[in-house]
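Chemist:
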Amino acid sequence: MNTFEAVLKKLEQLHFRNMYQNDFFLTWEKSFEELEAVFTVADSLRYLRSQNISTRLFDSGLGISLFRDNSTRTRFSFASACNLLGLEVQDLDEGKSQIAHGETVRETANMISFMADVIGIRDDMYIGKGNAYMHEVADAVEEGFRKGVLEQRPTLVNLQCDIDHPTQAMADMLHIIHEFGGIENLKGKKIAMTWAYSPSYGKPLSVPQGIIGLMTRMGMDVVLAHPEGYEIMSDVEELAKKQAKESGGSFTKTHSMAEAFKDADIVYPKSWAPYQAMEVRTDLYGKGDMEGIYKLEQELLMQNAQHKDWECTEELMATTKNGKALYMHCLPADISGVSCKEGEVAASVFDRYRDELYKEASFKPYIIAAMIFLAKVGDPVAVLRKLEKERKDRLYK
Amino acid sequence: MNTFEAVLKKLEQLHFRNMYQNDFFLTWEKSFEELEAVFTVADSLRYLRSQNISTRLFDSGLGISLFRDNSTRTRFSFASACNLLGLEVQDLDEGKSQIAHGETVRETANMISFMADVIGIRDDMYIGKGNAYMHEVADAVEEGFRKGVLEQRPTLVNLQCDIDHPTQAMADMLHIIHEFGGIENLKGKKIAMTWAYSPSYGKPLSVPQGIIGLMTRMGMDVVLAHPEGYEIMSDVEELAKKQAKESGGSFTKTHSMAEAFKDADIVYPKSWAPYQAMEVRTDLYGKGDMEGIYKLEQELLMQNAQHKDWECTEELMATTKNGKALYMHCLPADISGVSCKEGEVAASVFDRYRDELYKEASFKPYIIAAMIFLAKVGDPVAVLRKLEKERKDRLYK
Amino acid sequence: MNTFEAVLKKLEQLHFRNMYQNDFFLTWEKSFEELEAVFTVADSLRYLRSQNISTRLFDSGLGISLFRDNSTRTRFSFASACNLLGLEVQDLDEGKSQIAHGETVRETANMISFMADVIGIRDDMYIGKGNAYMHEVADAVEEGFRKGVLEQRPTLVNLQCDIDHPTQAMADMLHIIHEFGGIENLKGKKIAMTWAYSPSYGKPLSVPQGIIGLMTRMGMDVVLAHPEGYEIMSDVEELAKKQAKESGGSFTKTHSMAEAFKDADIVYPKSWAPYQAMEVRTDLYGKGDMEGIYKLEQELLMQNAQHKDWECTEELMATTKNGKALYMHCLPADISGVSCKEGEVAASVFDRYRDELYKEASFKPYIIAAMIFLAKVGDPVAVLRKLEKERKDRLYK
Numbered sequence: 002m003n004t005f006e007a008v009l010k011k012l013e014q015l016h017f018r019n020m021y022q023n024d025f026f027l028t029w030e031k032s033f034e035e036l037e038a039v040f041t042v043a044d045s046l047r048y049l050r051s052q053n054i055s056t057r058l059f060d061s062g063l064g065i066s067l068f069r070d071n072s073t074r075t076r077f078s079f080a081s082a083c084n085l086l087g088l089e090v091q092d093l094d095e096g097k098s099q100i101a102h103g104e105t106v107r108e109t110a111n112m113i114s115f116m117a118d119v120i121g122i123r124d125d126m127y128i129g130k131g132n133a134y135m136h137e138v139a140d141a142v143e144e145g146f147r148k149g150v151l152e153q154r155p156t157l158v159n160l161q162c163d164i165d166h167p168t169q170a171m172a173d174m175l176h177i178i179h180e181f182g183g184i185e186n187l188k189g190k191k192i193a194m195t196w197a198y199s200p201s202y203g204k205p206l207s208v209p210q211g212i213i214g215l216m217t218r219m220g221m222d223v224v225l226a227h228p229e230g231y232e233i234m235s236d237v238e239e240l241a242k243k244q245a246k247e248s249g250g251s252f253t254k255t256h257s258m259a260e261a262f263k264d265a266d267i268v269y270p271k272s273w274a275p276y277q278a279m280e281v282r283t284d285l286y287g288k289g290d291m292e293g294i295y296k297l298e299q300e301l302l303m304q305n306a307q308h309k310d311w312e313c314t315e316e317l318m319a320t321t322k323n324g325k326a327l328y329m330h331c332l333p334a335d336i337s338g339v340s341c342k343e344g345e346v347a348a349s350v351f352d353r354y355r356d357e358l359y360k361e362a363s364f365k366p367y368i369i370a371a372m373i374f375l376a377k378v379g380d381p382v383a384v385l386r387k388l389e390k391e392r393k394d395r396l397y398k
Numbered sequence: 002m003n004t005f006e007a008v009l010k011k012l013e014q015l016h017f018r019n020m021y022q023n024d025f026f027l028t029w030e031k032s033f034e035e036l037e038a039v040f041t042v043a044d045s046l047r048y049l050r051s052q053n054i055s056t057r058l059f060d061s062g063l064g065i066s067l068f069r070d071n072s073t074r075t076r077f078s079f080a081s082a083c084n085l086l087g088l089e090v091q092d093l094d095e096g097k098s099q100i101a102h103g104e105t106v107r108e109t110a111n112m113i114s115f116m117a118d119v120i121g122i123r124d125d126m127y128i129g130k131g132n133a134y135m136h137e138v139a140d141a142v143e144e145g146f147r148k149g150v151l152e153q154r155p156t157l158v159n160l161q162c163d164i165d166h167p168t169q170a171m172a173d174m175l176h177i178i179h180e181f182g183g184i185e186n187l188k189g190k191k192i193a194m195t196w197a198y199s200p201s202y203g204k205p206l207s208v209p210q211g212i213i214g215l216m217t218r219m220g221m222d223v224v225l226a227h228p229e230g231y232e233i234m235s236d237v238e239e240l241a242k243k244q245a246k247e248s249g250g251s252f253t254k255t256h257s258m259a260e261a262f263k264d265a266d267i268v269y270p271k272s273w274a275p276y277q278a279m280e281v282r283t284d285l286y287g288k289g290d291m292e293g294i295y296k297l298e299q300e301l302l303m304q305n306a307q308h309k310d311w312e313c314t315e316e317l318m319a320t321t322k323n324g325k326a327l328y329m330h331c332l333p334a335d336i337s338g339v340s341c342k343e344g345e346v347a348a349s350v351f352d353r354y355r356d357e358l359y360k361e362a363s364f365k366p367y368i369i370a371a372m373i374f375l376a377k378v379g380d381p382v383a384v385l386r387k388l389e390k391e392r393k394d395r396l397y398k
Numbered sequence: 002m003n004t005f006e007a008v009l010k011k012l013e014q015l016h017f018r019n020m021y022q023n024d025f026f027l028t029w030e031k032s033f034e035e036l037e038a039v040f041t042v043a044d045s046l047r048y049l050r051s052q053n054i055s056t057r058l059f060d061s062g063l064g065i066s067l068f069r070d071n072s073t074r075t076r077f078s079f080a081s082a083c084n085l086l087g088l089e090v091q092d093l094d095e096g097k098s099q100i101a102h103g104e105t106v107r108e109t110a111n112m113i114s115f116m117a118d119v120i121g122i123r124d125d126m127y128i129g130k131g132n133a134y135m136h137e138v139a140d141a142v143e144e145g146f147r148k149g150v151l152e153q154r155p156t157l158v159n160l161q162c163d164i165d166h167p168t169q170a171m172a173d174m175l176h177i178i179h180e181f182g183g184i185e186n187l188k189g190k191k192i193a194m195t196w197a198y199s200p201s202y203g204k205p206l207s208v209p210q211g212i213i214g215l216m217t218r219m220g221m222d223v224v225l226a227h228p229e230g231y232e233i234m235s236d237v238e239e240l241a242k243k244q245a246k247e248s249g250g251s252f253t254k255t256h257s258m259a260e261a262f263k264d265a266d267i268v269y270p271k272s273w274a275p276y277q278a279m280e281v282r283t284d285l286y287g288k289g290d291m292e293g294i295y296k297l298e299q300e301l302l303m304q305n306a307q308h309k310d311w312e313c314t315e316e317l318m319a320t321t322k323n324g325k326a327l328y329m330h331c332l333p334a335d336i337s338g339v340s341c342k343e344g345e346v347a348a349s350v351f352d353r354y355r356d357e358l359y360k361e362a363s364f365k366p367y368i369i370a371a372m373i374f375l376a377k378v379g380d381p382v383a384v385l386r387k388l389e390k391e392r393k394d395r396l397y398k
């Protein structure tokens, strides 16, 4: 397999030693080459699976999932990644309640990790808390490993926090790389990350933040568009600016969806809640003020309703580069006339891009698996080469 | 192993190519030889397991279960079948709510299937909907596979729909085959599929329909008995008539339990709800008319209560062939004086047949595994032979 | 590996044939050498895992867990043990409701066990019922195996009943063995199993009962301390007396926490509910008398509140042997000022022993795995030796 060997040769050149025995919290905490390593390993694992070659790293071992919110898609992506590598998933369901901190987190983290090789956490509801909670868990099991409580060091994978959604942004990026024929072709491409109207409330900020936090490293022209009052975390905007400059791209903001779409190579229209509102909500949850939460919700729905014109229509799509920008979404989308009366995207646009959207999503399990792979394997190139050479059947024949 | 080799030789003669990369919806959509292949593979897998020989087809891979109703037995049968072949089960619990159709089904089906080799669905509550829903899911993942979203084609196994309960009927049939010493001994045997009184409400029609839809292909004399007003789907009755004629058996109906039991070789007394009532209920659920549902339920319980004499008693059993008909049930049964005051079967009858009833149930995991096996393996005879030759320990010794 | 070989040599000398194809209900139903075998196999499995050597006994197979109560820790310990040996866990959640007996138990036990190699049950809420229920399940699957319903005999592991908590007590014991440098060093050591104040209600008796039921076999001086009115099962006390005598140790009781702590080598301060109250509660649950249960709960909380001085303080710890007794707890503990206002243990004491407490807990998955191992493998020494020689990677390298 010449192509596969070529991919391994590329991987050999990259520096990613720091990923070994480490965690994955935010894409911008990783070097460019580390991100490239994730993409390369993800592609390699998918190639091996398509060839019916086993990619089991683990003979036994657990992957622990911890979701603070219902999540069919992320749950199945994580379960798929674990299964691909030979880990059995065990869910720790804690419901939506505010989780305890301190002693309880430290203790629980260790008690569930005796055979855990990876812990995947989704905790995106509370501003200032999700990412912090993940670090608490990771620190606890790192200490547990050092002290001899655990026989292995579980790796933490951020499955969505209040700041970033790295497995989504990385899967999106890998989709773009495939669509544009290589990471080297992205320089100068315009991507519009824009708000869109949704009749539902309180969608997390981690997707737009994750997208601008990652795409600005590729030399792309990244435009963030939203109505006034729908600001995202300012820290991430600052980061995006800095990164765009370093990568030779740009980061701009606008309150016009039309401006963002104009000549865009890629559009990503998606609803989210205003950062300030999410902060207020976090406080209300902290106080258990359910009435306050209900009132806030009503206000936000009314605020949303003033921006129903923020819809990805055929007219807007026609204004993109050659009228053929790549339409992206993390799914599920609010499709006008299909899943809701008025929503984020016109049904005919969604229909035309369905296959691409499903493919976009299909990269996520491989991205997660690659993150685990790079944290667990000292010499990924050697192991991938060995897997390909041994050609152990995934499905026995 | 001469016997095992003889079984493989038989399998070699059967035509079942169409099952490869295909789904299992209804038994009557399969040829007689395809059904024989399922029985043969089921027996082979059970033989190998009894010899502590691994039957893992899959090194990794997921089996997705989707139940629209609580289900301990079917859930564990599916999980057992998946485990026997090396697949890890992931449950997608959607509760009893009416499931969305169209876009949502297509999307969800793909999003949960990135590593799915099989999807097992139980959806028997809504007339005209369960089977249709399964086809929607199967079409979606077939398309996902063709479009490159999925790296493998998940096989759909019907774990009970509104029309048929193929894994139950096939397990029942395999039990009969074993009890009567071979499929060739069933010609002319009389089987009574009869309604029986239950103090509970709304049991699905898929068991009686599945039984008459399958048994009429074996040259058996199939009698369907129920009180007036407890009709099943007329389409399935028509099918049963046609099949009985073709197979050299018969299909008759009666409103007398005594007539059905008279000289029967096999009796299958079991409660079900009238087809018309199930149709009405489906409409009421569609409208969300919970009051209407409650009213319907009361009416049906009163209707049931008029037929408490439809009980499988010792007196009735004595009228069967030599007083020793094989008593069957899909379990759990309503046992008079044990699980309810008055029910489907007398405690002494149930007691006498307990071992047989448990054995009847024990075939289901192997039937499900055989369905998956035949859908996944291009050359089942070769693979079974290889598994037996390699003799890999299931439990390491 | 000389040490490992030495361990196997020791195991070779022990008599534990009765454990093969058997269950694990109560520690005092096992011979001393059988318990030693469990400790030795547990240490061996942990050693192999620490060396990245696969300990998969099972190529496929299920571990069924059945919890009558929420249980994160025990659930993960059982799942970890199963995973370590290659079994996939399937949970049977029956909620807290009183479980049916007789026919239903027999039937369900078989229906979930077609591929089950082990069934782990936690049922500690109802006095006189939990252990009895486990025996019902074990008898049912034993019969199912004998009758050919099941192709293997599932082993029952008691994950906590109304009488004993053997996996906890055995893990605690293995922790003590490691801390004191060997089982032979325990003779004459003083262990204080004492009640402690908790602001919560109805903690099970199985921990103190399990501890005195096991530790009195080691030649230790076992002291049971609690306020008047907090008696445990008298049968277990009688047993403890008898065992202490036979082992050359002692079993004494006191109503003074200070007396128990004085010069103790090990202290185990932990809350529990009075036996009589648990009996009353069992009756109330049987009658469905929720008001009565609520009233009883209030009374017990008030009764508890009279004993807030039963706290494991620094002052008390200072009175133990050299002021350095080993502090133990089954976790989670009620830590004063941390998880509650006033509780079982002072925060500074808990803090100082945190690493030891986590290690104590970390033995449980290995203890459970060892119980399964000894029930499943005819020649454990040979299999352990073979696993070590073959050195199959757990994590592929």
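Chains as they are written, first to last, in the working numbering: chain A, 2 to 398; chain B, 2 to 398; chain C, 2 to 398.
Positions of the beta carbon are idealized from the N, C-alpha and C atoms, including for glycine.
Would you decide whether A:D124 is buried or exposed? Buried here means 16 or more other CB atoms lie within 10 Å of its CB.
Modeler: So A:D124 counts as buried.
Chemist: Any Cβ of chain B within less than 7 Å of the Cβ of C:I113?
Modeler: Yes, because at least one Cβ of chain B sits closer than 7 Å to the Cβ of C:I113.
Chemist: Within the same chain, show all residues whose beta-carbon is closer than 8 Å to that of B:D118, passing over the 5 residues directly before and after it, in chain order.
Modeler: F59, G62, L63, G64, L88, Q153, P155, T156, I373 and K377, listed in sequence order.
Chemist: Would you tell me roughly how many angstroms separate the C-alpha atoms of A:E34 and A:Y269, rounded to the nearest one?
Modeler: Straight-line Cα distance between these residues: approximately 25 Å.
Chemist: Among all the DSSP beta bridges, which residues are the ones paired with A:M291?
Modeler: DSSP, once it has assigned bridges, lists no residue as partnering A:M291.
Chemist: In chain C, which residues lie less than 7 Å from B:I336 when you measure between Cβ atoms?
Modeler: What B:I336 touches in chain C: E104.
Chemist: Using a Cβ cut-off of 7 Å, which residues of the region 81-96 of chain A contact any Cβ in chain B, in chain order?
Modeler: Under the 7 Å Cβ criterion, the region 81-96 of chain A contributes S81, N84, L85, G87 and E89.
Chemist: Give me whichever residues DSSP pairs with C:I120 in a beta bridge.
Modeler: DSSP lists C:I65 and C:L157 as partners of C:I120.
Chemist: Would you say A:D356 faces chain B, with C-beta separation under 7 Å as the test?
Modeler: So, interface residue.
Chemist: Taking only runs that begin and end inside the region 239-290 of chain A, name each unbroken alpha helix (DSSP H) of 4 or more residues, in chain order.
Modeler: Correct list: 258-262 and 276-288.
Chemist: Considering only residues of the same chain and omitting the five flanking positions on each side of B:L317, which have a CB-CB separation below 6 Å?
Modeler: F262.
Chemist: Excluding the 5 residues flanking B:T314 on each side, which residues of the same chain have their C-beta closer than 6 Å to its C-beta?
Modeler: Only A347 meet the Cβ criterion.
Chemist: Which residues mark the beginning and the end of the alpha helix (DSSP H) in which A:L27 is found?
Modeler: Segment: none, A:L27 is in no alpha helix (DSSP H) and carries neither H nor E.
Chemist: B:E229 by DSSP, collapsed to three states: which one?
Modeler: In the structure shown, B:E229 sits in coil (DSSP, three-state: anything other than H, G, I, E or B).
Chemist: According to DSSP, simplified to helix, strand and coil, what is C:Q52?
Modeler: Reduced to three states, the DSSP call for C:Q52 is coil.
Chemist: Whose Cβ in chain C lies nearer than 8 Å to the Cβ of A:R50?
Modeler: Here the premise fails: no neighbours, minimum Cβ distance about 16 Å.
Chemist: Drop a sphere of 10 angstroms on the beta-carbon of A:D335, count the other beta-carbons inside from all chains shown, and report buried for 16 or more, exposed for fewer.
Modeler: Its Cβ being crowded by 16 or more others within 10 Å, A:D335 is buried.
Chemist: Is the region 35-48 of chain C close to the region 44-53 of chain A, with three or more CB pairs under 8 Å?
Modeler: Because the criterion of three Cβ pairs below 8 Å is not met, the region 35-48 of chain C and the region 44-53 of chain A do not touch.
Chemist: With a threshold of 6 Å on Cβ separation, who are the neighbours of C:L151 within its own chain once the five nearest residues in sequence on each side are excluded?
Modeler: Result list for C:L151: S114 and G145, in chain order.
Chemist: Take the Cβ of C:Q1 as the centre, count every other Cβ of all protein chains shown within 10 Å, and call the residue buried at 16 or more, exposed below.
Modeler: Outside the displayed span of chain C (2 to 398) sits residue 1 of chain C, for which this structure offers no information.
Chemist: Taking CB distances under 7 Å as the criterion, tell me whether C:M372 reaches chain B.
Modeler: Chain B, which has no Cβ nearer than 7 Å to the Cβ of C:M372, makes this no.
Chemist: Does chain A have any CB closer than 7 Å to the CB of B:M20?
Modeler: Not one chain A Cβ lies under 7 Å of B:M20.
Chemist: Strictly by DSSP, which residues pair up with B:V90?
Modeler: Per DSSP, B:G64.
Chemist: Find the nearest neighbour of A:M401 within the set A:E37, A:D70, A:S201 and A:M194, judged by alpha-carbon distance.
Modeler: Outside the modelled stretch of chain A, which goes from 2 to 398, sits residue 401 of chain A, for which no answer is possible.
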